[in-house]
Amino acid sequence: MLAESTSREDSLAPRVTIVGGGLAGLAAASVLATREVKVTILEARPYLGGRASSFRDPTNDALLDNCQHVSMGCCTNLADFCERVGIADLLKDEETLYFQDERGRLSTMRSAPLPAPFHLLPSFLRLRHLSLGEKARIARGLHALFRTPTVGSDVSFRDWLMANGQTARTCDRYWGVILVSALNESLDRIDFRYARQVFVEGFAMNPRASVVKVPSVTLHEFYGERLERWLADHGVTVRLNSAVKLLSSNEGTIGDCRLRSGEVVTADHYILAIPGQRVLSLLPVEFAEHEDALARIGQMEYSPITSVHCWFDRPVMDLPHLVVIGRKIQWLFKRTAETSATAATDEGCYLQAVVSASRELVSLGKDAIQAAILEEIVEMFPEARDARLEHCRVVTERTATFSVTPGIDRLRPTQRTAIGNLWLAGDYTDTDWPATMEGAVRSGYLAANALLKSLGRAPQSLAEPLPASWFARKLIKSAALGNGSSS
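Counted from 1, the sequence shown has number 352 at position 352 by UniProt numbering; the numbering is strictly sequential.
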């Protein structure tokens, strides 16, 4: 009788098909799977993770992450997801950030035992790539930023900086160092709101917010066996190598999923959890062209990220990472056997250089990119001059993230669409966050919540942000950021 009852309940449970097995789709599945919903994930690739994935280099058989992904302590929904599915221990805290400027001067950034927002002040004052006058100018800019909750929606952050006493040099050596990597855009193409959010929520409200978290394994393993086991244990069907060609319409709703293989998959509800630039190509023409919120997705712009993977025959860099000042390289990571799977021999060294918002670099071509990055590595590390380069690979994600251009919120759709059984998940949707792993998880949670509300079921609350210190609440004016849209 128990088996019969369970079978009947399964047959009555709403069926949800999630198109896309990236972080947004996985987050949505993690909520729905605990709410008596039958979930199927259709993923085009042979692995989960979406853009946060690894691939096998055919030259040396190393497993490479397409780009180094990092999180921060302020990313509370990402942390919630990782705890939920049992992979939180695969994120390693980097309590200290290391900086090196073009003159080879090293600096460190680490929280002091002071209340926010003063916890980073001692490290800031010791930064060697900024003069005392520049630090004073930046401090005045930060004070103005903290006291300015909002500006006009079409104001770029660079324009705001220049109107508030900053110089080209402070933009290049401080503001841009943080924001170009965090938001994958140049300062002149960043909306004021999201730039402010990085500094306020990422650094100023709580000492734990700024702690950088780096996967201690490859992304293939991060989204691998443990996560797949959790999904299976919670009744989620994962179908890899199942690329969707088109969603069909049926009397104003989505009727089914047509796979490239010719198979047809049906469900009661559909969540499109794919990159924004692909959404319109999967929708029926009548929806893509005549639903304004969906049509506006096509106006969003995207920004590239380039990573250069270099293998040397001997140790070149001792530190785990470097934030690089005054060069093309923005971040440099030393990869280990755990984080790359056969990353290097005991005597060798594997480095990954990362360049965000890499439009100008990409225009040079791969050979020129490789030469430029290797030249900088040799300049940074004398040990590299005598080292033999065993292999090098340039990888560019040309549409890595959507661009947080001024006024971008006018283009971001909610997770609920005007089509009764279609929902959107992806960091490009309205999450109150920029294009980050945190934004992707929030979008998945919000899409699942919107769907649950339509079924008359209780949604899951988003994770609370880290609590602000008393000083932060007094010094920083609230921009009244909400929890994103779900309806």
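No residue lacks a Cβ here, since even glycine has one placed at the ideal position from N, Cα and C.
DSSP state of residue i, grouped into three classes?
| i | result |
| --- | --- |
| C67 | coil |
| L389 | strand |
| S30 | helix |
| W160 | helix |
| A353 | strand |
| S153 | coil |
| W433 | coil |
| G22 | strand |
| A344 | Annotation note: pLDDT 49 at A344 (below 50); position unreliable, coordinate value reported separately. Reduced to three states, the DSSP call for A344 is coil. |
| K213 | strand |
| G326 | coil |
| F333 | strand |
| R416 | strand |
| D367 | helix |
| D427 | coil |
| S5 | Unreliable placement is indicated for S5, whose pLDDT of 45 sits below 50; no coordinate value is reported for it. |
| R35 | coil |
| R189 | helix |
Under 8 angstroms between the Cβ atoms of residue i and residue j?
| i | j | result |
| --- | --- | --- |
| A116 | A425 | no |
| V279 | K92 | no |
| S261 | A44 | no |
| L282 | L294 | no |
| T218 | S54 | yes |
| L77 | Y428 | Looking at the sequence shown, residue 77 is not Leu but Asn. The answer is no: Cβ separation not under 8 angstroms. |
| L384 | V316 | It is worth fixing the name first, because residue 384 is Ala in this sequence and not Leu. Cβ atoms of A384 and V316: closer than 8 angstroms. |
| D101 | G298 | no |
| R296 | D57 | no |
| T436 | C75 | yes |
| V180 | A357 | yes |
| P406 | D191 | yes |
| V39 | I274 | no |
Alpha helix (DSSP H) containing residue i: first to last residue?
| i | result |
| --- | --- |
| S443 | M437 to S454 |
| R45 | It is not in any alpha helix (DSSP H) - R45 carries neither H nor E in the DSSP assignment. |
| A227 | Here residue 227 is Leu; the residue named in the question, Ala, does not match the sequence. Start and end: E225 to D233. |
| E134 | L132 to F146 |
| G276 | G276 to L282 |
| R359 | R359 to V362 |
| L219 | L219 to F222 |
What does DSSP give as the partner residue(s) for residue i in the beta ladder?
| i | result |
| --- | --- |
| N250 | T253 |
| T401 | S303 |
| W311 | Y350 and H391 |
| V244 | L259 |
| S54 | D65 |
| G49 | G22 |
| V285 | According to DSSP, V285 bridges with nothing at all. |
| V265 | C257 |
| residue 491 | Because the chain is modelled from 1 through 487, residue 491 falls outside the range shown and cannot be assessed. |
Taking residue i as part of the beta strand (DSSP E), name the residues at either end of that continuous run.
| i | result |
| --- | --- |
| residue 571 | No information on residue 571 is available, as it lies outside the stretch 1 to 487 that the chain covers here. |
| I41 | K38 to L42 |
| Y270 | H269 to L272 |
| residue 502 | Summary: the structure shown does not reach residue 502, with the chain confined to residues 1 through 487, and so no result is reported for it. |
| V200 | Neither: V200 is in no beta strand (DSSP E) and is coded neither H nor E. |
| K477 | From DSSP, K477 is part of no beta strand (DSSP E); its letter is neither H nor E. |
| R173 | No beta strand (DSSP E) holds R173; DSSP gives it neither H nor E. |
| L294 | No beta strand (DSSP E) contains L294, which is instead part of the alpha helix (DSSP H) from D292 to A295. |
| V238 | T237 to R239 |
| L422 | L422 to L424 |
Would you mind listing the beta strand (DSSP E) stretches within the stretch 58-123 that are 3+ residues and don't spill past its ends, in chain order?
63-65, 91-94, 97-100 and 106-109
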